[in-house]
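Worksheet for the structure shown next.
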Amino acid sequence: MALIRAFETRVSELYRDGEIPGFVHTSLGQEAVAAGVCGALREDDYMATTHRGHGHVLAKGADVDGMMAELFGRATGLCGGKGGSMHVADPARGILGANAIVGAGMPLITGAGLSSKLLGQGRVAVAFFGEGAVNQGTFHEALNLCAIWDLPVIFACENNGYAEFSANADMTRVASVAGRTAAYGVHAETVDGNDVAAVHEATDRAVERCRSGEGPVVLELMTYRWHGHYEGDAQPYKPEAEAQEWRDRDPLILAERALVESGAATADELAAVRAAAEARIDAATEAARQAPDPAPEEAFAHVFAG
Amino acid sequence: MSSQAEIVPTRYMEAINLGLADALEEDDRVILLGIDVGAGGGIFTVTRGLHERFGSERVIDTPISEMGYVGAGVGAAMTGLRPIVEIMFMDFISVCLDPIMNQATKLGYMTNGALSVPIVFRMQTGAGRSAGAQHSQSLEAMLAHIPGLKVVMPATVTDARDLLLEAVRDPGPVAYIENRRLYAMKGDLETDPLPLGKARVARPGDDVTVVTWGQTLRDCLKAAETSSASLEVIDLRSLVPLDIETVYRSAERTGRVLVVHEAVQDFGAGAEIAARVGEEVFDLLLAPVRRVATPAVPMPFNPALERSLLPSPEAIAAAAEGLVAEGR
Ligand SMILES: Cc1ncc(C[n+]2csc(CCOP(=O)(O)OP(=O)(O)O)c2C)c(N)n1
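Protein chains in written order, with this note's numbering: chain A, 100 to 405; chain B, 13 to 340.
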């Protein structure tokens, strides 16, 4: 979580300063979802995410240098600089990619679940998506397919209350994603998405169901996005009191507090974790700055497979 | 030994079925997904018998949920399976274009080759039977316009089987487009397949190079029989890859090129071929490149109206003769 926090904070600054091109969507304030879900997965489990996927990709084990270089568009990036923030992927770690089409990851992860089942891979497949994507047909189509085929798929909905500038309550009569899921006969849980332990435990339960062949699970993880939809969005559409309330429930601080209270870590140790994360991001940033752009002919590579 | 004895006349649709069966047989990772492709055998009976033979884990009935199951096919292709997904009518790509256009054809590129998506999007088209404006469209140019997608359109019984097998073996996404007006056509299944990406000279000739693909190959061959001009008919077999070299080589001898397709003329693949011929071998031409295609209107239901719009052997022959007449 500390690494994601440091990564996203730095990316926000680098984007503001014009060092990172394109579109960037940060997940500051949502780190417990990424860490809690991915921490309950195996390295070979599949994961697909969204335009707001840096945290999920890092938590699933992607290399930090490769990640940062990809956001810079460098040849040393995870995708050789041809994917960028919204398309970063690392299939060797089951990371099937961020996706810039809202809702597109759910059918893809359904297919990954199908592969897992038919090829006997024993892998769980997780799709992250926002509550805004629940209004896409893909959510409903993919959920139904996973249900009728009993696929080992976890639908991890990061419910941060807003899709771009639109509040969830304005876009559906049934604000509860778990509630909408009931229509498909699929097990769903709503969880405090700022409580990393709760997210982790709920994911453990979901993984258990999936691996034992009971079919898909929907996890609705209630959280809040601190920054705008994109970097630079001033968020006039959010009530200040609401934003403050969520900032007071900083998932990283909540996690640190729990660790100290349980005696699992000392404040000094946690400070050292944060400092190490900062140093890691410093190094990744510097490496990305120094890295070369892809060679011009790379524009023509991998248009067709093989 | 007479090879004649081994050649069995086969229907185009049987050849597709054979191709599907061969593909399922030769690789356990191949699955077939689609609406009523399983026990029902497909609405045109093209997949008949496959479910019984390969079981419901390989030949999978889906709900009417194209965005879901076509997308799932793409995800399955990314993770170890080699799916053939059937889109019942080509017109229905409207409701599942994202997995084709933004996912399957982009993910290999955007991951710099770390992902590959070996999937076949199987679909059929075919105007001329009053199927109406939502079940008659030939949209191959739309698909060919998407970088990274191979687009094949078998016009013969042999290609119906062999191009399907090539498509399944291809490491990337391929759109395999059948023409349902050819389903009942009988032909000889030949045993020496041409690779995907090679055009075929279906009939040699001297005056006009006629370039076509899919159903209109038959019309062109008929035109060649009756026309006073000598037509060299080229079956492109695939739009992507486009074997334009075979067209150039023919144009070198004939000096005249006519492109014929069932899809609407405006912004169609014929325009691309005409442009390439103009750019690359302009000096060889004795006349402008001409096209015979369907006018750009939604296909009307009325049989007479529909017939009046589609390319016919007569129109093709007339266009070819016109080219000879206007030659410089
Ligand atoms: C198909 C599609 N429609 C619209 C967009 C533009 N868009 C990008 S992100 C977004 C909001 C997504 O909201 P949500 O799914 O809740 O995720 P969040 O941004 O809150 O993480 C929209 C509308 C898009 N990228 N793709």
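All C-beta atoms, glycine included, are put in the ideal place defined by N, C-alpha and C.
Test: residue i CB closer than 7 Å to a CB of chain B
| i | result |
| --- | --- |
| Ala-404/A | yes |
| Cys-178/A | yes |
| Thr-237/A | yes |
| Glu-240/A | yes |
| Ser-184/A | no |
| His-401/A | yes |
| Ala-203/A | yes |
| Ala-188/A | yes |
| Leu-218/A | yes |
| Ala-73/A | The structure shown does not extend to residue 73/A, since chain A spans only 100 to 405, so no value can be given for it. |
| Leu-195/A | yes |
| Ile-200/A | yes |
| Leu-207/A | yes |
| Lys-159/A | no |
| Leu-244/A | yes |
| Lys-181/A | yes |
| Ser-214/A | yes |
| Glu-118/A | no |
Opening and closing residue of the alpha helix (DSSP H) in which residue i lies
| i | result |
| --- | --- |
| Ala-340/A | 339-346 |
| Arg-288/B | 281-293 |
| Ala-316/B | 315-321 |
| Glu-333/B | 325-338 |
| Thr-280/A | 276-280 |
| Ile-380/A | 366-389 |
| Asn-267/A | 267-270 |
| His-299/A | 295-310 |
| Ser-215/A | 204-217 |
Euclidean distance between Cα positions of residue i and residue j
| i | j | result |
| --- | --- | --- |
| Gly-140/B | Arg-249/B | 21 Å |
| Phe-106/A | Ala-211/A | 28 Å |
| Asp-417/A | Gly-135/A | Residue 417/A falls outside the range modelled here, since chain A spans only 100 to 405, and no answer is possible. |
| Lys-198/B | Leu-233/B | 15 Å |
| Asp-144/A | Glu-307/A | 13 Å |
| Ala-281/B | Ile-189/B | 15 Å |
| Val-309/B | Ala-143/B | 15 Å |
| Ala-156/B | His-401/A | 17 Å |
| Ala-386/A | Asn-258/A | 34 Å |
| Ala-161/A | Glu-130/A | 15 Å |
| Ala-374/A | Tyr-114/A | 22 Å |
| Arg-104/A | Thr-125/A | 10 Å |
| Thr-396/A | Ala-179/B | Looking at the sequence provided, one finds Glu at residue 396/A rather than Thr. Each residue's Cα considered, the two are about 27 Å apart. |
| Pro-205/B | Thr-170/B | 8 Å |
| Ala-17/B | Thr-57/B | Bear in mind that a pLDDT of 48 at Ala-17/B, under 50, signals an unreliable position, so the model cannot answer this. |
| Gly-125/B | Phe-399/A | 12 Å |
| Phe-104/B | Ile-72/B | 19 Å |
| Ser-15/B | Ala-263/B | Bear in mind that a pLDDT of 44 at Ser-15/B, under 50, signals an unreliable position, so the number given afterwards is only what the model happens to contain. Taking the straight line from one Cα to the other gives about 34 Å. |
| Gly-183/A | Ser-111/A | 15 Å |
| Ser-242/B | Arg-215/B | 10 Å |
| Pro-183/B | Val-129/B | 7 Å |
Proximity of residue i and residue j at Cβ, strictly below 7 Å
| i | j | result |
| --- | --- | --- |
| Ala-35/B | Leu-177/B | yes |
| Ala-4/B | Val-304/B | Because chain B here runs from 13 to 340, residue 4/B falls outside it and cannot be looked at. |
| Leu-62/B | Met-90/B | no |
| Phe-227/A | Ala-255/A | yes |
| Val-252/B | Val-222/B | no |
| Glu-78/B | Cys-108/B | yes |
| Ala-172/B | Tyr-81/B | no |
| Ala-133/A | Ala-158/A | yes |
| Ala-116/B | Pro-185/B | yes |
| Val-276/B | Thr-306/B | yes |
| Ala-197/A | Met-185/A | yes |
| Val-86/B | Leu-45/B | no |
| Arg-302/B | Leu-335/B | yes |
Residue-level contact to chain A via CB, residue i, 7 Å cutoff
| i | result |
| --- | --- |
| Val-289/B | no |
| Glu-69/B | yes |
| Asp-39/B | no |
| Thr-91/B | yes |
| Gly-80/B | yes |
| Ala-88/B | yes |
| Ser-128/B | yes |
| Pro-159/B | yes |
| Tyr-121/B | yes |
| Gly-140/B | no |
| Ser-77/B | yes |
| Glu-257/B | no |
Start and end residues, beta strand (DSSP E) containing residue i
| i | result |
| --- | --- |
| Asn-191/B | 186-191 |
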